[in-house]
Each structure stands twice: as structure tokens, then as C-alpha cells.
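Let me begin by presenting the structure, written as C-alpha cells, before commenting on it.
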Amino acid sequence: MRKLDKPILSRDPWQQLKKFTRARIALGRAGSSLPTKELLDFTLSHAMARDAVHLALNVPALVRELEGQEFCIQLVHSKAPDRMSYLLRPDYGRQLNEQSRRQLQAIKPVIPSGAVNLVIVVGDGLSSLAIERHAKPLLIEIKKNIPEQWKLGPVVIASQARVALADEIGELLAADIVAILIGERPGLRSPDSLSIYMTYAPKVGCSDADRNCISNICSEGLSYDTAAKKLLWLAKEAIRRKLSGVALKDEGGLQEIAVIDQHRKLL
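Here the working numbering = 1-based position in the sequence shown + 42.
Now the structure itself:
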């Protein structure tokens with residue numbers, strides 16, 4: 043038998059790329075379908091994403107953790123009475139229920155108008171798993187980096203929350219800035235991704251164009267330290283320029299690079 047010059051089997055070059063991304067690439071195939079291992083992996087990822095959407099946030103446990111870090115906590119609830127209503131009626135998740143509204147109105151006189159620079163809302167969103175894993179360490183980093191002269195309002199834990207719910211909360215507490223930490227819609231590779239949405243001069247009726255977003259905060263994405271510094275840079279600029287959203291670009295990283303370059307020139 044003649045010896046073959048080249049091996050029949052060769053390494054798939056796509057396999058080398060898999061170590062640079064968690065995206066579903068180079069899955070291979072078995073006939074007209076996926077290999078068994080990849081099919082089972084897809085099924086597991088899909089189940090984890092579904093669970094993350096339906097899993098209820100353990101609010102008492104989160105309250106204990108945050109109070110242990112000396113955060114002042116307020117609990118509120120959207121107009122969505124349960125998870126099914128939340129999923130079927132997104133508009134309910136953007137409005138406080140009447141009890142929560144009265145509760146925030148009651149504590150507003152205790153906070154002098156304009157005295158609160160930043161109110162942080164923690165909302166379960168579409169992934170309570172993201173809040174459970176990342177909210178506490180992220181809040182600690184924000185508190186550690188916040189300017190000394192700033193006054194931080196209560197941390198408002200909102201159940202069945204959508205992003206726009208923070209606008210009503212910020213308006214009721216007369217905050218300069220409101221930032222909501224919220225669980226994002228799970229992907230097949232990231233069931234616990236957290237985002238921050240920040241709005242200057244929040245009020246009911248703000249649009250997505252009025253907000254700045256810092257996304258992909260998770261163990262394999264943006265670090266807590268980087269996310270906290272991005273938020274506070276944007277918040278400082280929002281107060282200085284009196285705006286947020288599409289009119290406010292995240293130039294914090296560019297400024298740091300410019301400072302480093304200037305320092306190198308002086309050496």
C-alpha cells in the first residue's frame with residue numbers, strides 16, 4: 043500500500059480561535075446536525091438563560107448583605123405584581139406601584155432638594171442572577187470611588203423593575219443623577235450579565251437617548267472597578283455639563299491615555 047504524503051485528518055484552524063471568545067464558533071457537525079457534545083452544551087445554556095429570567099431575586103438576603111456594608115436601603119416594587127405580569131406587560135415594570143410611590147414621597151422631605159448627587163437603584167430586570175452575583179461588589183467599588191463631597195442617596199432595591207423605573211425613583215428623591223444596576227436579558231453564554239443605566243435630572247418620560255449605558259459587567263466581562271470608575275466619570279461630567287445620554291460621550295479612557303502620553307513626553 044502506498045504511503046500517503048499527508049495525514050487524512052488535519053486540525054481544524056477554527057479551534058485556535060475558541061480560546062479568544064466565548065461565542066459559539068467552530069461547533070463542527072455530525073451529518074446534518076451538531077455533534078452530541080455541542081447540542082448538549084446548547085441545551086444547558088438555553089436552560090440556564092430561561093432559569094435566569096424566571097428566577098426570583100432573594101431580596102432579604104441582598105438587604106442583609108448591603109446593610110452589612112453600611113448602605114441605607116429602601117425597598118420598592120413596580121406595578122407588576124408578579125413575574126408573569128412583568129414579562130407580559132413591560133409598561134408595568136416602568137412604573138412604581140402606589141405604595142412604593144407614597145413611601146418615597148414620605149422620605150423626600152428628609153432629603154433637602156438638590157442635596158443628593160447620586161441615587162443608585164438595584165433592579166432585578168431580566169436576570170436576578172446578575173444582581174445576586176454582582177450588585178454587592180459593584181456597589182462597594184462605587185462607594186469606594188465616590189467623591190468625598192458627594193451625597194449618596196439610599197440604595198433603592200426595586201422588584202420587577204425595568205430600566206425606566208429609575209427615572210421615577212430619581213425624580214421622587216430629587217436626585218441630580220440616578221443610576222440603575224439591572225440584570226440584562228440572558229444570552230446563551232452569559233446568564234448573569236449586569237448593566238448600569240445613568241440619567242441626569244431624571245424624570246418620568248425620559249427616553250433611552252437620555253441615558254448612558256455601561257454593559258457586560260460580569261466575571262468574564264467588565265470588572266467592578268472599571269465599571270465603577272466609568273460610572274463616576276460619566277456622573278461627574280453629567281453634573282458639570284448638565285446633560286447625559288447621546289450628548290455625553292464616554293471619554294474617560296481617552297483622557298487617561300492622554301495623561302499617560304503627556305507624562306511619557308516629560309520623561
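Built from N, CA and C at the ideal position, the CB exists for glycine as well.
- Message: Comparing C-alpha positions only, which one of 60, 173, 70 and 93 sits nearest to residue 261?
- Response: Between residue 261 and the set 60, 173, 70 and 93, the nearest pair of CA atoms involves 173.
- Would you kindly work out how many angstroms separate the C-alpha atoms of residue 303 and residue 271, rounded to a whole number? Confidence at residue 303 is low in this model, with a pLDDT of 44, below 50, so the placement of that residue should be treated as unreliable; the coordinate-derived value is given next. Using only the alpha carbons, I get a separation of about 20 Å.
- Query: Exposed or buried, which one is residue 57 when buried takes at least 16 other CB atoms within 10 Å?
  - Reply: In summary, residue 57 is exposed, with fewer than 16 beta-carbon neighbours lying within 10 Å of its beta-carbon over all protein chains present.
- Could you tell me whether the Cβ atoms of residue 274 and residue 184 are closer together than 9 Å? Taking 9 Å as the Cβ cut-off, residue 274 and residue 184 qualify as a contacting pair.
- Message: Going by DSSP, what residue range makes up the alpha helix (DSSP H) through residue 101?
- Response: Residues 101–109.
- Task: Rounded to whole angstroms, what's the CA-CA distance from residue 283 to residue 175? Just pull it up for me.
- Result: Between residue 283 and residue 175, the C-alpha separation is close to 34 Å.
- Whole-angstrom C-beta distance between residue 214 and residue 150, which should lie under 8 Å: Right, the Cβ-Cβ distance comes to about 6 Å (below 8 Å), so this counts as a contact.
- Task: Look up residue 237 in the DSSP assignment and say whether it is helix, strand or coil.
- Result: Three-state DSSP puts residue 237 in a strand.
- Message: On the CB-based measure, 16 or more other CB atoms within 10 Å of its CB, does residue 318 come out buried or exposed?
- Response: In the structure displayed, the chain extends from 43 to 309; residue 318 sits before or after that span and is not available.
- Can you tell me the Cα-Cα spacing of residue 301 and residue 157, whole angstroms? Residue confidence is low: residue 301 scores 45 on pLDDT, short of 50, so the model does not pin down where it sits. Its coordinate-derived value is still stated next. Their Cα atoms are separated by approximately 32 Å.
- Does the distance from the C-beta atom of residue 197 to that of residue 253 stay below 9 Å? Not a contact, by the Cβ cut-off of 9 Å.
- Item | Per-residue DSSP class, three states only, for residue 58 | Secondary structure at residue 58: helix, using DSSP grouped into helix, strand and coil.
- Message: Please report the distance separating the alpha-carbon of residue 209 from that of residue 290.
- Response: When rounded, the separation of the alpha-carbon atoms in residue 209 and residue 290 is 18 Å.
- Residue burial classification, residue 212 (beta-carbon count within 10 angstroms, cutoff 16): Counting the other Cβ atoms within 10 Å of the Cβ of residue 212 gives 16 or more, which makes it buried.
- Task: With a floor of 3 residues, list each beta strand (DSSP E) that falls wholly inside the region 186–211, ordered by position along the chain.
- Result: Note on the region 186–211: whole beta strand (DSSP E) runs with a minimum of 3 residues are 197–201, in chain order.
- Boundaries (first-last residue) of the alpha helix (DSSP H) holding residue 227: Annotation: residue 227 is outside any alpha helix (DSSP H) and is labelled neither H nor E by DSSP.
- Item | Residues of its chain near residue 134, where Cβ-Cβ distance is below 7 Å and the 5 sequence neighbours each way are ignored | The answer, listed in chain order, is 120, 121, 122, 127 and 128.
- Per DSSP, which residues does residue 164 bridge with? Please list them. In the DSSP output, where bridge partners are listed per residue, residue 164 has 199 and 223.
- Message: Quick check on this structure: which residue in 80, 64 and 59 has the alpha carbon closest to the alpha carbon of residue 70?
- Response: Among 80, 64 and 59, the Cα nearest to that of residue 70 belongs to 80.
- Which residues DSSP lists as bridging residue 254, in chain order: Bridge partners of residue 254: 240.
- Return the CA-CA distance between residue 192 and residue 217, expressed in angstroms with no decimal places. Approximately 11 Å, taken between the alpha carbons.
- What's the gap between the Cα of residue 236 and the Cα of residue 202? For residue 236 and residue 202, the distance between alpha carbons rounds to 15 Å.
- Task: Report yes or no: is there a C-beta of chain D within less than 9 Å of the C-beta of residue 146?
- Result: In summary, chain D is missing from the structure at hand, where a single protein chain is found.
- Message: Alpha carbons only, please: which of 230, 219 and 97 is nearest the one belonging to residue 166?
- Response: Looking at the Cα atoms, 97 is the closest of the given residues.
- Within its chain, find whatever has a CB closer than 8 Å to the CB of residue 266; leave out the 5 residues flanking it on each side and keep chain order. Sequence-distant Cβ neighbours of residue 266 in its own chain, meaning closer than 8 Å and more than five residues away, are 176, 179, 180, 182, 183 and 259.
- Message: Distance check for residue 276 and residue 145, CA to CA, integer angstroms please.
- Response: Spanning the two alpha carbons is a distance of roughly 29 Å.
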